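Residue numbers (the working numbering), protein chains in the order written: chain A, 1 to 307; chain B, 1 to 329.
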Amino acid sequence: MNELLSLLVDSSFWVAVLRIATPLIFGTLGVLLCERAGVLNLGIEGIMVAGAFIGWLTVHSGAGLWGGVLAAAFVGGLLGALHALLVVRLPLSQHVAGLGITLFATSLSYFAYRVLFPKVDSPPKIEAFSEMSWLPIPVLAEQTPLTLLAVLLVPAIWYVLYRTPLGLALRAVGESPHAVEAQGIDVVRLRSGPVIAGSALMGVAGSFLTLAAFNSFFFNMVNGRGWICVALVVFASWRPGKALIGALLFAFFDAAQLRLQQAGGGLLPYQLYLMLPYVLSIVALVLVARKAAYPQALMKPYVKGTR
Amino acid sequence: MIRRSLLGAAVAVCAAVLVLPAFAQSKIKVAAIYTVPVEQQWVSRIHKALNAAKDRGEIEYVFSEKVANADYERVMREYAEKGNTFIVGESFAVEAAARKVAKQYPKVSFLMGSSGKPQAPNFSVFDNYIQEPAYLSGMIAGGMTKSNKIGMVGGYPIPEVNRLMHAFMAGAKETNPKVEFYVTFIGSWFDPPKAKEAALAQIAKGADVMYAERFGVSDAAKEKGILAIGNVINTQKDYPDTVVASALWNMEPTIDTALKAVKAGSFKAEDYGHYSMMKHKGSELAPLGTFDAKVPTDIKKKVADKQAAILGGKFTVKVNDTEPKSTAK
Numbered sequence: 001m002n003e004l005l006s007l008l009v010d011s012s013f014w015v016a017v018l019r020i021a022t023p024l025i026f027g028t029l030g031v032l033l034c035e036r037a038g039v040l041n042l043g044i045e046g047i048m049v050a051g052a053f054i055g056w057l058t059v060h061s062g063a064g065l066w067g068g069v070l071a072a073a074f075v076g077g078l079l080g081a082l083h084a085l086l087v088v089r090l091p092l093s094q095h096v097a098g099l100g101i102t103l104f105a106t107s108l109s110y111f112a113y114r115v116l117f118p119k120v121d122s123p124p125k126i127e128a129f130s131e132m133s134w135l136p137i138p139v140l141a142e143q144t145p146l147t148l149l150a151v152l153l154v155p156a157i158w159y160v161l162y163r164t165p166l167g168l169a170l171r172a173v174g175e176s177p178h179a180v181e182a183q184g185i186d187v188v189r190l191r192s193g194p195v196i197a198g199s200a201l202m203g204v205a206g207s208f209l210t211l212a213a214f215n216s217f218f219f220n221m222v223n224g225r226g227w228i229c230v231a232l233v234v235f236a237s238w239r240p241g242k243a244l245i246g247a248l249l250f251a252f253f254d255a256a257q258l259r260l261q262q263a264g265g266g267l268l269p270y271q272l273y274l275m276l277p278y279v280l281s282i283v284a285l286v287l288v289a290r291k292a293a294y295p296q297a298l299m300k301p302y303v304k305g306t307r
Numbered sequence: 001m002i003r004r005s006l007l008g009a010a011v012a013v014c015a016a017v018l019v020l021p022a023f024a025q026s027k028i029k030v031a032a033i034y035t036v037p038v039e040q041q042w043v044s045r046i047h048k049a050l051n052a053a054k055d056r057g058e059i060e061y062v063f064s065e066k067v068a069n070a071d072y073e074r075v076m077r078e079y080a081e082k083g084n085t086f087i088v089g090e091s092f093a094v095e096a097a098a099r100k101v102a103k104q105y106p107k108v109s110f111l112m113g114s115s116g117k118p119q120a121p122n123f124s125v126f127d128n129y130i131q132e133p134a135y136l137s138g139m140i141a142g143g144m145t146k147s148n149k150i151g152m153v154g155g156y157p158i159p160e161v162n163r164l165m166h167a168f169m170a171g172a173k174e175t176n177p178k179v180e181f182y183v184t185f186i187g188s189w190f191d192p193p194k195a196k197e198a199a200l201a202q203i204a205k206g207a208d209v210m211y212a213e214r215f216g217v218s219d220a221a222k223e224k225g226i227l228a229i230g231n232v233i234n235t236q237k238d239y240p241d242t243v244v245a246s247a248l249w250n251m252e253p254t255i256d257t258a259l260k261a262v263k264a265g266s267f268k269a270e271d272y273g274h275y276s277m278m279k280h281k282g283s284e285l286a287p288l289g290t291f292d293a294k295v296p297t298d299i300k301k302k303v304a305d306k307q308a309a310i311l312g313g314k315f316t317v318k319v320n321d322t323e324p325k326s327t328a329k
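Structural data, given as structure tokens:
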């Protein structure tokens, strides 16, 4: 218990929490945008791999760090457009198409990596984002600019969703596409846009891993973070503010377990600690998500003229 | 005259070209099957040794990387069917399947990374028995720590990891009995950001030397200006002011011995594990390089004496495959 209390006053702990949370914030906001428009995007894991790879590759081949982030967003958006084409325009199964995109994007990234770098013993490195030591805010000053961007995106997306006509239409298309159609708005376009934008965010989430959290690309390095985001968005009841809280909560448990593993000379098996963030997320999900209201048209394909 | 010699040269070249395929056929056809990408430290050593044999012109070498365990048996069969006579791989997670395939292809020689025993007639095993240099690198770590706290971040506590960690810890204890250890496992072989997080957590607790079992740990050490000890591969060129010493694994003695046996037709089911030990140059303590002047002389002398004792057979590093636990609070 003392161990836990001493953690809470340790600023390096909170720095770690925010750092671990950053890709989850981007990813969860991305999923949130897609699902608010009624589209499940299980392509996230693969889109993050592609973002991580392209972001790193762009910087490795000489562009600036922000160029890498933009490239990751662009490739994410491209894959999002493919997903939108498959599930919005030709209303195919959102599960199958999403998983297909994950497999496709993951394999393509690995393939491209091996073709471009056939003989490496240790993966090539880049100069990653450095900390924002100029910022006078304690914990945030030890983060990279991408973390700041992630945190600022939360109110921005909230504003767009709840305070603009576009946001209203976006939320409506996830609840009742028929009503949107009746207003004379093109459902296909209105759904495709958020899927592309959300996927771009997923790409950025991946690029954080190779441009800020680490400085080279590895196979498997996304390591399930995308799937966490899909769960976090349910925890968040599809609200941006709660998405931030969910990501921070997961990161809190993850940072804590890394620090508690040594407690009592490894008294408990380390697997229990590794499980901690996942188990507690499930508990939180059960408690919170019971009241969560799904976007009513989530995963329901819309074909013009049908009822 | 000149024309004639030119003609002669041309004929010689043509003859060489015609004869070459015949030479190529006498090369041993080798296939390797890895469950992880070839960048992974452990597998990179096997890949390197086989590539060296290929560059010497001894073998034809093909490989598959990142093969899922569920696909392993199929890929083994494919390579065996394609006429490869020597198959190298790692059967840790697929022991039963790999041994079954080996039985069905008695003419193919198999050399597999395994914690198990060899299986007659054609299934040999090897493993990274590099606990000796790990012990020596531990002695250096014990001599370099000022906080008497050493951090260790590992993937999973499997025997291949545990035995090196235990040897490292025993070595550190020898030069510095007060030293304590933090141990963290991240539950993944390939998540450098997470390994880095785990290392940063240990550094925040006071560790000032890190045992870098995974990619990511040395980066945390570099960022925080503390030291790291490498494992399996030598990463000092990437971290000249961070990585003090490394316990290197050389797969060449294992691979070359096995290739010789295959060529001579005398390949049997054997345990090649001891070819990874210092006696056979299968492992070594990497040169201190940039840290040569920074490691205290008495530590260097102790390490040199211990190395001589190991090579002379006077000292044996204990192999302990149990899961290491933290000793620091």
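From the three backbone atoms N, C-alpha and C, an ideal C-beta is built for every residue, glycine too. Note that the coordinates shown come from a computational prediction; the quantities given were computed from them, not determined experimentally.
Local conformation of Ala24/B per DSSP, three classes:
Annotation note: pLDDT 47 at Ala24/B (below 50); position unreliable, coordinate value reported separately. Looking at Ala24/B - three-state DSSP - the assignment turns out to be helix.
Taking only beta-carbon positions, decide if Met221/A is within less than 9 Å of chain B.
Closer than 9 Å: yes.
Within chain B, the residues that Tyr270/A reaches when beta carbons sit closer than 7 Å:
Chain B residues near Tyr270/A: Phe185.
Could you tell me how far apart the beta carbons of Phe181/B and Gly154/B are, in whole angstroms, since I believe they sit closer than 8 Å?
Rounded, the Cβ-Cβ distance is 12 Å, inconsistent with contact.
Assign Thr306/A to one of two classes, buried (16 or more other C-beta atoms within 10 Å of its C-beta) or exposed (fewer than that).
Label assigned to Thr306/A: exposed.
For Gly77/A versus Gly203/A, is the C-beta spacing smaller than 9 Å?
Yes, the pair counts as a contact, with Cβ atoms nearer than the cut-off.
In the structure shown, what three-state DSSP assignment does Ala264/B receive?
Secondary structure of Ala264/B (DSSP, three-state): helix.
Distance, Cα to Cα, Trp249/B vs Glu284/B?
The alpha-carbon separation between Trp249/B and Glu284/B amounts to approximately 7 Å.
Simplified DSSP state of Asn234/B, which is helix, strand or coil:
Reduced to three states, the DSSP call for Asn234/B is coil.
When we look at the beta-carbon of Gly312/B and count the other beta-carbons within 10 Å, is it buried (16 or more) or exposed?
When all chains shown are included, Gly312/B counts as exposed.
So, does the CB of Phe190/B fall closer than 9 Å to a CB anywhere in chain A?
True, the Cβ-Cβ gap to chain A drops below 9 Å.
Kindly say whether Lys261/A, judged by its beta-carbon, lies nearer than 9 Å to any beta-carbon of chain B.
Inspection of the sequence shows that residue 261/A is occupied by Gln rather than by Lys. Yes - at least one Cβ of chain B is within 9 Å of the one on Gln261/A.
Backbone CA spacing between Leu18/B and Lys48/B [nearest angstrom]
Legend: pLDDT at Leu18/B = 47, less than 50; position of this residue unreliable, no value from coordinates given.
For the structure I just gave you, are there three or more beta carbon pairs, one from the region 277 to 297 of chain B and one from the region 219 to 230 of chain A, closer than 8 Å?
By the Cβ rule, the region 277 to 297 of chain B does not count as touching the region 219 to 230 of chain A, because fewer than three pairs are nearer than 8 Å.
In this structure, does DSSP put Tyr294/A in helix, strand or coil?
In this structure, Tyr294/A counts as coil in the three-state DSSP scheme.
For Ile126/A and His178/A, believed in contact at Cβ under 8 Å, the rounded distance:
About 49 Å separates the Cβ atoms of His178/A and Ile126/A, ruling out a contact at the 8 Å cut-off.
My output table needs one value for Asp271/B: the three-state DSSP class, helix, strand or coil.
Looking at Asp271/B - three-state DSSP - the assignment turns out to be strand.
Considering only heavy atoms of the ligand GDP, does any lie closer than 8 Å to the CB of Ser11/A?
In terms of ligand content, the structure shown is empty, and the ligand GDP therefore cannot be addressed.
Could you spell out the range, first to last residue, of the beta strand (DSSP E) harbouring Thr184/B?
In the DSSP assignment, Thr184/B falls within the beta strand (DSSP E) that extends over Glu180 to Phe185.
What's the C-alpha gap between Leu298/A and Ile245/A?
Just so you know, the alpha carbons of Leu298/A and Ile245/A end up roughly 23 Å apart.
Taking just the CA atoms, how far does Gln143/A sit from Ala213/A?
CA-to-CA, the gap between Ala213/A and Gln143/A works out to about 10 Å.
For Leu161/A, which of Arg171/A, Leu153/A and Leu152/A has the nearest alpha-carbon?
For the residues Arg171/A, Leu153/A and Leu152/A, the minimum Cα distance to Leu161/A belongs to Arg171/A.
Which word fits Leu90/A, buried or exposed, when buried means at least 16 other C-beta atoms lie within 10 angstroms of its C-beta?
Taking every protein chain shown into account, the CB of Leu90/A has fewer than 16 other CB atoms within 10 angstroms, so this residue is exposed.
Check whether the Cβ of Phe253/A lies closer than 9 Å to any Cβ atom in chain B.
It does not: the Cβ of Phe253/A has no partner Cβ on chain B nearer than 9 Å.
Suppose you measure from the CA of Arg163/A to the CA of Ile157/A; what does that come to, to the nearest Å?
Cα to Cα, the separation comes out at about 10 Å.
Let me know the alpha helix (DSSP H) ranges lying completely inside the region 87 to 116 of chain B, each 4 residues or longer, listed in chain order.
Correct list: 95 to 104.
In chain B, which residues lie with their C-beta within 9 Å of the C-beta of Ser12/A?
At a beta-carbon threshold of 9 Å, the residues of chain B lying near Ser12/A are Leu200, Ala201, Ile203 and Ala204, ordered along the chain.
Using 10 angstroms around the beta-carbon of Phe111/A, count the other beta-carbons present and answer buried if the total reaches 16, otherwise exposed.
Flag for Phe111/A reads exposed.
With a threshold of 7 Å on Cβ separation, who are the neighbours of Ala71/A within its own chain once the five nearest residues in sequence on each side are excluded?
In chain order, Ile54, Gly55 and Thr58 place their CB closer than 7 Å to the CB of Ala71/A, counting only its own chain and leaving out the 5 sequence neighbours on each side.
Around the C-beta of Lys294/B, are 16 or more other C-beta atoms found within 10 angstroms, so that it is buried, or is it exposed?
Its Cβ having fewer than 16 others within 10 Å, Lys294/B is exposed.
Taking 9 Å as the threshold (beta carbon to beta carbon), is Asp186/A in contact with chain B?
So no, Asp186/A is outside the interface.
Rounded C-beta distance between Ala52/A and Thr210/A? I'm assuming under 8 Å.
At roughly 5 Å, the Cβ-Cβ gap stays under 8 Å, so Ala52/A and Thr210/A are in contact.
Quick one: does Gly216/B have its CB under 9 Å from some CB of chain A?
Yes, Gly216/B counts as interfacial toward chain A.
Cβ-Cβ distance between Leu42/A and Gly98/A below 9 Å
Note that the C-beta distance between Leu42/A and Gly98/A is below 9 Å.
Identify each residue in the region 233 to 266 of chain B for which the Cβ-Cβ distance to at least one residue of chain A is less than 8 Å, and report them in chain order.
Within the region 233 to 266 of chain B, the residues whose Cβ lies closer than 8 Å to some Cβ of chain A are Ile233, Thr235 and Asp238, listed in chain order.
Taking only beta-carbon positions, decide if Val36/B is within less than 9 Å of chain A.
Answer yes: the Cβ-Cβ gap between Val36/B and chain A drops below 9 Å somewhere.
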